[in-house]
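Chemist: The sequence shown lines up with residues 162 to 471 when you count with our numbering. Below is one structure. I have some questions about it.
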Amino acid sequence: MTRHTRLRTRARIAALGLAACLAMVSACAEGPGGASSTMPVPTEALQKVPAAASGTALEPVASRSLSPVYWLGERDSTVYLYREYVRAEDQGDPVTTSIKHMLEQSPEDPDFFNVWSPASRIGTSISADNVITVDLSADAFARRLDAGLAQRAIQQLVFTATSAAANAGLLGGAAAEVVLLVDGRAGHEAFGHVPLDRPLSRDATFGAPIWIVDPVQGGVATGNPVRIHGYAADFPAGTRWEVRQTDGGKADPVVASGTVRTGEADLAANEFEISLTLPRGSYRLAVWGAPPTGTGRLAEDTKDFTVQGN
162 MTRHTRLRTR
172 ARIAALGLAA
182 CLAMVSACAE
192 GPGGASSTMP
202 VPTEALQKVP
212 AAASGTALEP
222 VASRSLSPVY
232 WLGERDSTVY
242 LYREYVRAED
252 QGDPVTTSIK
262 HMLEQSPEDP
272 DFFNVWSPAS
282 RIGTSISADN
292 VITVDLSADA
302 FARRLDAGLA
312 QRAIQQLVFT
322 ATSAAANAGL
332 LGGAAAEVVL
342 LVDGRAGHEA
352 FGHVPLDRPL
362 SRDATFGAPI
372 WIVDPVQGGV
382 ATGNPVRIHG
392 YAADFPAGTR
402 WEVRQTDGGK
412 ADPVVASGTV
422 RTGEADLAAN
432 EFEISLTLPR
442 GSYRLAVWGA
452 PPTGTGRLAE
462 DTKDFTVQGN
């Protein structure tokens, strides 16, 4: 992680803590070092955001050459989980590979961030009944987080571990759980807030309501049609998308737009695909939920990409 990235992450954590204090209905309690003890309570806008698009179901096998890693992303004054497929250094097994990358690296998408620290030791194993045991050294928990970010960081690890195991075809039919040990011991209180005294499951409330899978941030499409793929929760007022041309560094004209339709053809109920023909150039895709009233954008996700060839 570069010095610039570390500073950016620290600034974002501080900003989230301040946002939490400002959004609290009651006084914002402070923990060690002045960190706020909770994430913001739901505002009127947040109450209109549906449940997570991805839910708790494990993803199907997507790529054996890339590793799934989840990151944190701030949207609408709260923080959700988002996944990237990355080229991670092979650690001998897929779960360790994804977790080590998550602990040590930064996301490709500048809208995402990470609060973990590198671990001097990582151990993983998977039982026959889909229990993934992850053993981290205590230095992975070096950051001082408020309770809300601590919960999300633990879920980030749970989603990453279960996704990596599922992507590698290592899980059977039973629901996957994660047992998190610290220095070989159970019962640690992660980041001073989250007790690790029982197996952990995915919590769908932390999954992103809208999540663009393709194109990836900074991706290159080598020809047409350009395939857009993602997941979206059911927004009562609908879900919108647009593509803007960004040549010259500005997100200028809208070259294509429409309404997201989920569950078509053989797609999952919350999954969408869009095919576009675009000339060579640089673009920004945005997908967002429409609010019941007004013109705001709920849970917006964006990706910058380039089209090469015809």
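All residues carry an ideal CB built from backbone N, CA and C; glycine is no exception.
Hey, would you say the C-beta of valine 421 is under 7 Å away from at least one heavy atom of the ligand MG?
Modeler: Absence of the ligand MG from the depicted structure is noted, as is the absence of any ligand whatsoever, leaving it without description.
Chemist: Which of helix, strand or coil does DSSP assign to glutamine 406?
Modeler: Here residue 406 refers to the residue found at position 245 of the sequence shown. It is a strand residue.
Chemist: CA-CA distance, threonine 400 and arginine 363?
Modeler: Looking up residue 400 in the sequence shown gives position 239. Looking up residue 363 in the sequence shown gives position 202. Each residue's Cα considered, the two are about 25 Å apart.
Chemist: Under 6 Å Cβ to Cβ from tyrosine 241, same chain only, skipping five residues before and after it: list those, please.
Modeler: Counting from one through the sequence shown, the residue named residue 241 turns up at place 80. Here the set comprises Gly234 and Ala369.
Chemist: Rounded to whole angstroms, how far is the Cβ of histidine 354 from the Cβ of alanine 308, which I believe are closer than 8 Å?
Modeler: Walking along the sequence shown from the start, residue 354 turns up at place 193. Walking along the sequence shown from the start, residue 308 turns up at place 147. Going by Cβ atoms, the distance from histidine 354 to alanine 308 rounds to 4 Å, so yes, they are a contact pair.
Chemist: Scan the region 424 to 457 and note each continuous beta strand (DSSP E) run of 3 residues or more that stays entirely inside, going in chain order.
Modeler: For the region 424 to 457, whole beta strand (DSSP E) runs of length 3 or above, ordered along the chain, are 432 to 437 and 442 to 450.
Chemist: With a CB to CB cut of under 7 Å and the five nearest residues on each side skipped, what residues in its chain are close to threonine 456?
Modeler: Numbered from its first residue, the sequence shown carries residue 456 at position 295. Cβ neighbours of threonine 456 beyond the five flanking positions: none.
Chemist: Three or more C-beta pairs closer than 8 Å, one from the region 334 to 345 and one from the region 422 to 433: is that the case here?
Modeler: Taking 8 Å as the limit for Cβ pairs, the verdict is that the region 422 to 433 does not touch the region 334 to 345.
Chemist: Indicate whether the contact test is met: 3 or more Cβ pairs, each with one atom in the region 259 to 271 and one in the region 382 to 395, closer than 8 Å.
Modeler: With the cut-off at 8 Å, the region 259 to 271 and the region 382 to 395 do not touch.
Chemist: Give the straight-line distance between the Cα atoms of threonine 467 and isoleucine 371, rounded to the nearest whole angstrom.
Modeler: Looking up residue 467 in the sequence shown gives position 306. Looking up residue 371 in the sequence shown gives position 210. Distance between the alpha carbons of threonine 467 and isoleucine 371 is about 21 Å.
Chemist: Quick one: residues in its chain with C-beta nearer than 6 Å to the C-beta of lysine 464, no 5 flanking neighbours on either side, listed in chain order?
Modeler: In the sequence shown, residue 464 corresponds to position 303, counting from 1. Within the same chain, lysine 464 has close Cβ partners Ile373, Pro376, Gln378 and Leu446.
Chemist: Report buried or exposed for glutamine 469, applying the criterion of at least 16 other Cβ atoms within 10 angstroms of its Cβ.
Modeler: Start at 1 with the first residue of the sequence shown, and residue 469 comes out as number 308. Exposed is the call here.
Chemist: Excluding the five sequence neighbours on either side, which residues of its own chain have a C-beta within less than 6 Å of the C-beta of leucine 361, listed in chain order?
Modeler: Numbered from 1 along the sequence shown, position 200 holds the residue referred to as residue 361. Around leucine 361: Val319 and Val339.
Chemist: Among Leu357, Ala289 and Tyr444, which has the Cα closest to the Cα of tyrosine 335?
Modeler: Within the sequence shown, numbered from 1, the residue matching residue 335 stands at position 174. The question names tyrosine, but residue 335 in the sequence shown is alanine. Ranking Leu357, Ala289 and Tyr444 by Cα distance to alanine 335 puts Ala289 first.
Chemist: In three-state terms, what does DSSP make of alanine 382?
Modeler: Within the sequence shown, residue 382 is the residue found at index 221, counting from 1. Residue state, collapsed to three classes: strand.
Chemist: According to DSSP, is proline 271 helix, strand or coil?
Modeler: Position 110 of the sequence shown, counted from the first residue, corresponds to residue 271. Correct three-state label for proline 271: coil.
Chemist: So what does DSSP say about serine 228, is it helix, strand or coil?
Modeler: As a first step, residue 228 is located in the sequence shown; it is residue number 67 there, counting from the start. Strand, per DSSP.
Chemist: In its own chain, which residues sit with a C-beta less than 6 Å from the C-beta of arginine 474, not counting the 5 before and 5 after it?
Modeler: Nothing about residue 474 can be reported from this structure: the residues present for the chain run from 162 to 471 only.
Chemist: Quick check for students: name the residue ranges of the alpha helix (DSSP H) that lie wholly in the region 297 to 347, counting only runs of 4 or more.
Modeler: Fully enclosed alpha helix (DSSP H) runs of 4 or longer: 308 to 328.
Chemist: For the beta strand (DSSP E) containing valine 468, name the first residue and the last one.
Modeler: Numbered from 1 along the sequence shown, position 307 holds the residue referred to as residue 468. Element bounds for valine 468: 459 to 468.
Chemist: Where does the unbroken alpha helix (DSSP H) through valine 256 begin, and where does it stop?
Modeler: The count along the sequence shown starts at 1 and reaches residue 256 at position 95. Note, valine 256: alpha helix (DSSP H), 255 to 265.
Chemist: Taking valine 365 as the reference, which of Ile293, Gln312 and Asp358 has the closest Cα?
Modeler: The residue labelled residue 365 in the question sits at position 204 within the sequence shown. Correcting the residue identity first, residue 365 is alanine in this sequence and not valine. The shortest C-alpha separation from alanine 365 is found at Gln312.
Chemist: Looking at the secondary structure, which residues open and close the beta strand (DSSP E) in which histidine 390 lies?
Modeler: Along the sequence shown, one-based indexing puts residue 390 at 229. Here the beta strand (DSSP E) through histidine 390 covers 387 to 393.
Chemist: Exposed or buried, which one is alanine 303 when buried takes at least 16 other CB atoms within 10 Å?
Modeler: Taking the first residue of the sequence shown as 1, we reach residue 303 at position 142. Flag for alanine 303 reads exposed.
Chemist: Sort out for me which residues DSSP pairs glycine 250 with in a bridge.
Modeler: Your numbering for residue 250 matches position 89 in the sequence shown. A small fix is needed here, since residue 250 is glutamate in this sequence, not glycine. In the DSSP output, where bridge partners are listed per residue, glutamate 250 has none listed.
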